[in-house]
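Chemist: Let me begin by handing over the structure; questions about it come next.
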Amino acid sequence: MKHFYLVILFFVCALGFSQESAKTSADIDGFKLYPNPVTQGKVYIETKLNAPKKIHVFDVLGTQVLQTTILGKELNLSDLDKGVYILRVFEQNKVATRKLIVK
């Protein structure tokens, strides 16, 4: 029964993260996230603009486990434990939200 509540909580958190105003909810143009799943502790984030990006990483319970800003493409995730995370990337007035798996 606890697993059922955990799954429901995960979906509620995911829906909450996706609720943004119309101005900021547009996906980032040319957004690419690779490799996913992450095996070497680094992930690369590419966009059409390649502007500085503000990164938020949340665990499945909605707790923020990482917040940083990157200027290039490389994001170091070696401090994260194995598991499933929610990655939010903010670039200018746009945001992209993706599931991220760390192995």
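Take the sequence shown: its position 29, counted from the start at 1, is 49 in the numbering used here, and no numbers get skipped.
Think of the CB as a built atom: it goes at the ideal place given N, C-alpha and C, for glycine as much as any other residue.
Fair warning: this is a prediction, and the values are worked out from it, not measured in the lab.
1) Within 10 angstroms of its Cβ, does Tyr-105 collect 16 or more other Cβ (buried), or is it exposed?
2) Would Ile-48 be called buried (16 or more neighbouring beta carbons within 10 Å of its own) or exposed?
3) Do you know how far the Cα of Thr-59 is from the Cα of Asn-113?
4) If I follow the unbroken beta strand (DSSP E) through Asp-101, where does it start and stop?
Modeler: Reading off the structure:
1) buried
2) Here Ile-48 is buried. Its C-beta has 16 or more other C-beta atoms within 10 Å.
3) 30 Å
4) It is not in any beta strand (DSSP E) - Asp-101 carries neither H nor E in the DSSP assignment.
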